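First up is the structure itself, then whatever we jot down about it.
Protein chains in written order, with full-length UniProt numbering: chain V, 1 to 308; chain U, 1 to 253.
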């Protein structure tokens, strides 16, 4: 698939001397959902801000739809919708006016039909005449999304879309993102919440200290770095793994009181049934069984911890 | 040219004026009426005519300029500072809008609002004193040029200001002395020679003098010089603004 956003050798040093991005290169494919993970101050927002034109790059180049974001800013910014991290809104404006304002800013003629559709899709239509300051945090977040969608962008940036949002609303937000993807919009989201990336992203990028540490298909990443473990607590400790069980990938833990079985959860046969049968045959008595899947979070912590 | 964006910014700013009608329009009208009552009627009745013009009428152009300057700087600076303060500036900066279009929207709205209030003051003044405008076109030229120039000045202050104190510093501390000492309430002929010479370094003197000339054909300095000074100031501001946009000063850095 073709790249819609192409970042090459991008660096940014702020006036204070702080280098927020160090030689970042990144290709974002049209129609995908890319999650950028990283701790606070990793450079996520700076990267987004440069692509959207809010911050000038120090070095390097960014192309959106083949256009340079600095030289050809009208073309690139018309294609981009941005939902910022902070809940920054015009407190004294109505929902309808502030969303219509965004459309106008992007040079599009007024289209009440489209604004109505966007507001309805985000369950905001009944609030259209409310002042922004009367809305809850979650509703404000939706308005920010509506503003970003008001001009029909091809690329949507969501900077921490679910920070400070309750669980129900977060799930709603994911549905909104899913719906958008169906219309062909490319979505880039930054997040602290690993489960968010796990839930909705196609690819995951990890950024830390102004550098992209890796960028990979989510499924491949999980497969490569993720593990699934079956933990079997035993009634009596074992000195060694019995001969009859040597064909399984087993390790002893907790001074012989626990068997750990690593397996591939995506495989058709996990081998759990036969292992349990084999265990019964050897006469080993079990106390408890639990499974643990390494999450993106484990992978992320390992990565950021190892390379920081 | 992204005309839709210019229109959006302009009308968005004008909508704020509508929402704050009392504060934006009624309060300057009341304060100007107070000036007329105190200086025009109470004190003014004991002051002799200045070059054939009654004192109440004489101070009218200065009062209009005082309001125009304060309003334009206030609106121009607030218009761009407020989105910076609330953070909504992100949207302006990430829109397909050139800096010139941003200026056109914000400064256009600030100047329009300033001029609306200026005209209301002119109307209010005509209730108190007998006004006659000798050169309406020149008057309009000074009026519009001043409004645009000082809205632009306000816009630059709004970009420069990091907090509300800085935002108010120039409008509160610098502009009133310049206006009061710029001959709003007197002809500088009335000052001792030393202060007359000092007054010539005050840019506002030229504005008020030129503006007053368009009403009564009396002036402290040649109106052509007044016009040249405003245009020079405007050119200086455009230069500063161009530098701001080129470097991204306090906006994109």
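All C-beta atoms, glycine included, are put in the ideal place defined by N, C-alpha and C.
All of these numbers come straight from a predicted model, not from anything done at the bench.
- In this model, residue 66/V and residue 78/V are separated by some 13 Å (Cα to Cα).
- In the DSSP assignment, residue 192/V falls outside any beta strand (DSSP E) and carries neither an H nor an E.
- In the structure shown, residue 219/U adopts coil according to DSSP, grouped into three states.
- The Cβ atoms of residue 89/V and residue 88/U lie closer than 8 Å to each other.
- With its beta carbon less than 8 Å from one in chain U, residue 84/V belongs to the interface.
- Sequence-distant partners of residue 147/V (beyond 5 residues in either direction) whose C-beta falls short of 6 Å from its own C-beta, in its chain, are 99, 102.
- Across the stretch 10-32 of chain U, CB contacts with chain V closer than 8 Å involve 12, 15, 16, 19, in sequence order along the chain.
- Along the stretch 85-97 of chain U, the positions whose C-beta sits under 8 Å from a C-beta of chain V are 86, 87, 88, 90, 91, 92, 93, 94, 95, 96, 97, read in chain order.
- Of all C-beta pairs linking the stretch 41-51 of chain U to the stretch 112-126 of chain U, fewer than three are shorter than 8 Å, placing the two stretches out of contact.
- Among the residues facing chain V, residue 5/U is included, as its CB has a counterpart in that chain under 8 Å away.
- Linking residue 176/V to residue 11/V through their CA atoms gives a straight-line distance of about 33 Å.
- Annotation note: the stretch 120-182 of chain V contains the following uninterrupted beta strand (DSSP E) runs of length 3 or greater, listed N- to C-terminal: 155-159.
- About 16 Å separates the beta carbons of residue 138/U and residue 60/U, which is beyond the 8 Å limit, so they are not a contact pair.
- Within the stretch 101-116 of chain V, contact with chain U at the beta-carbon level (separation under 7 Å) is assigned to 101, 102, 104, 105, 106, 107, 108, 109.
- By DSSP's assignment, residue 216/V forms a beta bridge with 204/V.
- Within 10 angstroms of the beta-carbon of residue 182/U lie 16 or more other beta-carbons, which makes it buried.
- Looking at the DSSP output, residue 261/V sits in a beta bridge with 230/V, 250/V.
- For the pair residue 247/V and residue 281/V, the Cα-to-Cα distance works out to about 15 Å.
- With respect to chain V, the C-beta atom of residue 248/U has a partner C-beta closer than 8 Å.
- Taking 7 Å as the upper bound on Cβ-Cβ separation, chain U lies near residues 52, 53, 54, 55, 56 of the stretch 46-67 of chain V.
- The C-alpha of residue 204/V is placed about 10 Å away from the C-alpha of residue 194/V.
- Here the stretch 157-177 of chain U does not lie against the stretch 186-198 of chain U, with fewer than 3 beta-carbon pairs under 8 Å apart.
- Residues of chain V with a Cβ closer than 7 Å to the Cβ of residue 8/U are, in chain order, 101, 104, 105.
- In the structure shown, the three-state DSSP call for residue 114/V is helix.
- Every candidate beta strand (DSSP E) stretch fails here, since none sits fully inside the stretch 121-182 of chain U while reaching 3 residues.
- Contacts with chain U at 8 Å (Cβ-Cβ) include residue 90/V.
- Closest option to residue 248/U, judged by alpha-carbon separation, among 67/U, 219/U, 160/U: 160/U.
- Pairing residue 95/V with residue 63/V gives a Cβ-Cβ distance that is not under 8 Å.
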